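Residue numbers are given in the UniProt record's numbering: position 579 of the sequence shown equals residue 579, and the series is strictly consecutive.
Every residue, glycine too, gets a C-beta built ideally from N, C-alpha and C.
As the structure is a computational prediction, the values presented were derived from the model and not from experiment.
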Amino acid sequence: MDPEIQKMREVVLVYLDRSGGLQKFVHDCKKYNDSKQSYAVYRFIISINPSDIAELDATLGNYILHNPLQAAQIFQSVCFVAIKTLSLIEQLQTEAQISILLKPTHLPPLPSYVLSLSAYPFNYTSPRFYMSEGIVIAMGTVTKYTQGARFLCTEETCPFSEGFRCIRVHCPGATESATVRTDFACSLCSSPLQEDVKFRVLGDKQIIEMIDARILNALKGYSIDKSHFRIQAFTLFLRDELANKMTIGNHYRIIGIPACVQNGLQATVCIEVTSVQLYKPNGPSFVSDSFKYLLSLTSSSCWRFTAVLANIFASQVIPPGTYNTLKLAILLSLVQTCEKENADYLDLLIMTSDTLVIDRLLNYSLCLLPRGIRHPPSSDIFPSVSKDKHGSASIQACSAVLAKGGICYIGDLSSYKKDKLELLQSVLESRTTTVFIPGKKYGEEADQQVTVSVQTNFWSFVDVDSSSKKHIQKENFLIGQMDMSLIPVNLVDGFGLLIYSEFPSSHLSSPVVHHILKKAINPEAMLYKASQQFRTQDYEEFILFARNLHVELSSEAESLIQGYYLASRRMRRDSIHGSTLSASALKILISLAKAHAKLSLRQTVLEEDAVIAVLLLESSLTLKHGTSALCVAPNPVFPFDLSDENSLQQRDIYLMQCHHQLLKFIAAYSPGIQININEE
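Here's what the structure looks like:
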């Protein structure tokens with residue numbers, strides 16, 4: 001025996017003893033022994049810490065990292081000796097029956113251990129451990145594969161015609177035919193081998209398609225980053241305990257062994273995954289000095305900071321002071337993005353005749369988040385099913401799933417057909433979508449239904465001019481109500497906030513027109529001082545910081561929100577349908593109030609946050625159903641231009657009056673709610 005191999009076996013035994021791996025191995029053996037059933041293959045998973053192994057023996061550490069298949073054989077022989085010495089599994093006969101899967105806890109943080117199909121060299125032909133990361137864009141159903149099989153020699157006088165001497169075990173990258181087929185020959189007498197089918201060991205297998213996370217930059221529709229790069233998806237094989245460990249749309253870091261699977265004239269790169277880890281990038285722990293200074297300047301009022309923020313936002317694409325209500329709503333929606341199951345979503349539907357300007361503003365805003373997706377009209381918004389390269393069913397990711405924890409901008413809502421709008425309405429209500437997989441079509445025994453979670457905010461707009469041309473407008477509008485006949489009523493209610501843009505394109509003297517002309521002449525020009533003081537990168541860091549804040553409702557804010565909700569339900573009623581206020585309105589109010597607190601960099605939702613939430617929702621309800629007894633102005637959050645300190649002071653006074661008016665409204669129509677009205 002090679003003395004180096006013998007030394008590595010001794011080190012393996014020492015490592016297993018010190019790391020607790022030997023104790024786990026004995027426990028796994030006990031399960032097999034207690035079953036009293038003979039298996040062709042006994043499978044064991046051994047967790048390996050490369051750093052600890054390298055400290056014990058550098059040669060073994062290097063062997064595990066760069067020759068994992070051969071290293072597994074060393075562990076296999078050690079485990080076989082342990083089983084026989086300690087009589088752990090009575091049914092075990094030969095060493096070939098033991099299958100060892102090595103799972104490294106991590107890999108050295110060096111470039112040579114990172115596998116990327118986006119940069120040369122492509123080291124996918126080396127059968128060793130690599131680390132890779134990316135986003136799951138397609139996910140197959142769980143099917144069966146052969147872990148191992150027992151073969152017997154057809155020549156009766158051959159020693160291999162009995163016992164467990166000819167064992168075939170699955171190797172990383174191998175196809176099913178490499179483990180089980182009919183043309184294997186006996187290594188002793190060259191006679192044909194025949195499988196003993198009753199000893200075949202099956203396991204679970206799932207095929208995943210993963211792609212570099214930089215694909216998100218290409219799906220934004222507009223990007224500040226002008227760099228070019230190559231992106232290619234690659235196939236992952238998840239086996240046994242790793243099946244269903246990945247979720248479509250999530251970002252993962254994986255460790256595995258690459259392989260090239262030949263399919264006719266084409267070669268497919270795949271990775272046999274040994275470990276999966278959900279990747280969650282840490283957001284910035286700070287905001288820029290310019291925002292800190294602005295916060296200190298506006299600290300005298302709970303409303304001023306967000307007012308100035310909205311006023312100067314997106315000065316790279318539209319002039320400051322324009323579309324302030326819409327820009328505030330966009331900022332609120334941006335900070336209400338996360339990947340939690342029961343998140344506070346804030347969807348936006350914009351009624352406008354300035355589709356070009358609004359489209360530019362929304363595209364620009366998307367790029368402030370890591371996951372801002374501009375939905376291409378030629379593809380599906382929600383998951384669909386297709387056949388993969390192997391003929392099995394594969395659920396394909398889509399714009400809504402790829403925008404997980406971010407924004408999915410779906411463009412002009414009136415351009416979608418009825419069935420797409422109905423599906424969108426269903427998703428807005430439940431935040432899930434169901435994918436049906438017909439069994440016959442994809443070679444399965446039974447039909448399947450897979451529920452996919454949709455954790456994103458949706459943005460869309462409706463062209464008012466297009467709406468008026470396609471539909472005959474109704475004449476019986478209530479005061480403040482807009483013509484919404486182009487879009488189903490329930491779908492409009494599904495969006496959290498309905499906004500009407502305040503600058504129609506017919507105003508030729510609008511600052512927007514001047515801005516567009518100047519940008520057309522010099523696209524890179526900084527037209528405003530605000531663009532230099534508050535850069536796009538500053539806003540990116542600010543939003544990522546603000547959205548990670550954990551906020552709690554104060555009792556005063558909660559009372560105000562509940563009071564307004566109950567009062568509005570009593571006010572907005574008709575004799576046929578009852579209350580016109582949807583059941584989701586309370587959630588929207590809370591989401592708006594929390595978002596305003598986050599945008600103000602506070603962790604407690606105050607009454608002032610609740611006032612802004614109420615005014616925004618009441619304005620939205622007025623557009624849908626007409627005005628109520630609260631009777632807010634057409635543009636209640638920004639009633640006039642913000643040009644100086646005096647205008648901010650006037651806005652504060654106006655909002656205080658709105659607050660007082662709101663308290664009176666609650667006292668009149670929801671008398672059961674305890675609120676304090678300060679007459680002063």
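DSSP three-state label for residue i, please.
i	result
residue 30	helix
residue 68	helix
residue 666	helix
residue 75	helix
residue 106	coil
residue 332	helix
residue 42	strand
residue 101	strand
residue 457	strand
residue 140	strand
residue 352	strand
residue 154	coil
residue 487	coil
residue 531	helix
residue 640	coil
residue 267	strand
residue 584	coil
residue 314	coil
residue 393	strand
residue 113	helix
residue 47	strand
residue 434	strand
Where residue i and residue j are concerned, what is the direct C-alpha to C-alpha distance, given to the nearest angstrom?
i	j	result
residue 618	residue 632	7 Å
residue 509	residue 412	With a pLDDT of only 48 at residue 509, under 50, the local geometry of the prediction cannot be trusted, and the value read off the model is given with reservation. The straight-line gap from Cα to Cα measures roughly 26 Å.
residue 209	residue 215	13 Å
residue 115	residue 231	13 Å
residue 497	residue 133	36 Å
residue 652	residue 243	57 Å
residue 395	residue 248	8 Å
residue 299	residue 537	24 Å
residue 239	residue 65	21 Å
residue 283	residue 369	11 Å
residue 451	residue 434	4 Å
residue 281	residue 212	15 Å
residue 141	residue 358	41 Å
residue 167	residue 367	55 Å
residue 621	residue 112	58 Å
residue 55	residue 16	14 Å
residue 597	residue 603	7 Å
residue 385	residue 378	16 Å
residue 682	residue 260	No statement about residue 682 is possible, as the shown extent of the chain runs from 1 to 680 and does not include it.
residue 147	residue 127	19 Å
residue 441	residue 383	18 Å
Please go through the same chain and pick out, in chain order, the residues whose beta-carbon is closer than 8 Å to the beta-carbon of residue i, but skip the five residues on each side of it.
i	result
residue 321	311, 511, 641, 642, 643
residue 105	47, 48, 49, 50, 275
residue 594	336, 344, 551, 553, 605, 609
residue 165	94, 96, 159
residue 266	none
Beta-carbon within less than 7 Å of residue i's beta-carbon, same chain only, minus the 5 sequence neighbours each way: which residues are those?
i	result
residue 505	The pLDDT assigned to residue 505 is 43, lower than 50, so where the model puts this residue is not dependable; a value taken from the coordinates is nonetheless given after this. 353, 354.
residue 534	290, 312
Excluding the five sequence neighbours on either side, which residues of its own chain have a C-beta within less than 6 Å of the C-beta of residue i, listed in chain order?
i	result
residue 425	490, 491, 494
residue 397	137, 248, 249
residue 144	202
residue 101	45
residue 219	373
residue 195	149, 151
residue 199	40, 150
Are the C-beta of residue i and some C-beta of chain C separated by less than 8 Å?
i	result
residue 569	As a matter of chain content, chain C is missing from the structure shown, which is built from one protein chain.
For my contact list, residue i and residue j are in at a C-beta cut-off of 8 Å; report their separation, rounded to the angstrom.
i	j	result
residue 390	residue 516	Not confirmed; about 51 Å, so no contact.
residue 346	residue 332	6 Å
residue 172	residue 257	4 Å
residue 135	residue 251	5 Å
residue 592	residue 307	Actually they do not touch by this definition, with Cβ atoms about 15 Å apart.
Can we say the stretch 533-552 touches the stretch 281-300, given the rule of at least three CB pairs closer than 8 Å?
yes
Sufficient close CB pairs (3 or more, under 8 Å) joining the stretch 621-637 to the stretch 662-672:
yes
Assess contact between the stretch 68-78 and the stretch 3-21, defined as three or more Cβ pairs (one per stretch) separated by less than 8 Å. Is contact present?
yes
Count the C-beta pairs between the stretch 446-465 and the stretch 395-409 that are closer than 8 Å, then say yes if the count reaches three, no if not.
yes
Three or more C-beta pairs closer than 8 Å, one from the stretch 557-567 and one from the stretch 291-300: is that the case here?
no
At least 3 beta-carbon pairs within less than 8 Å: the stretch 337-352 vs the stretch 458-465
yes
Do the stretch 184-195 and the stretch 11-31 make contact, defined as three or more Cβ pairs closer than 8 Å?
no
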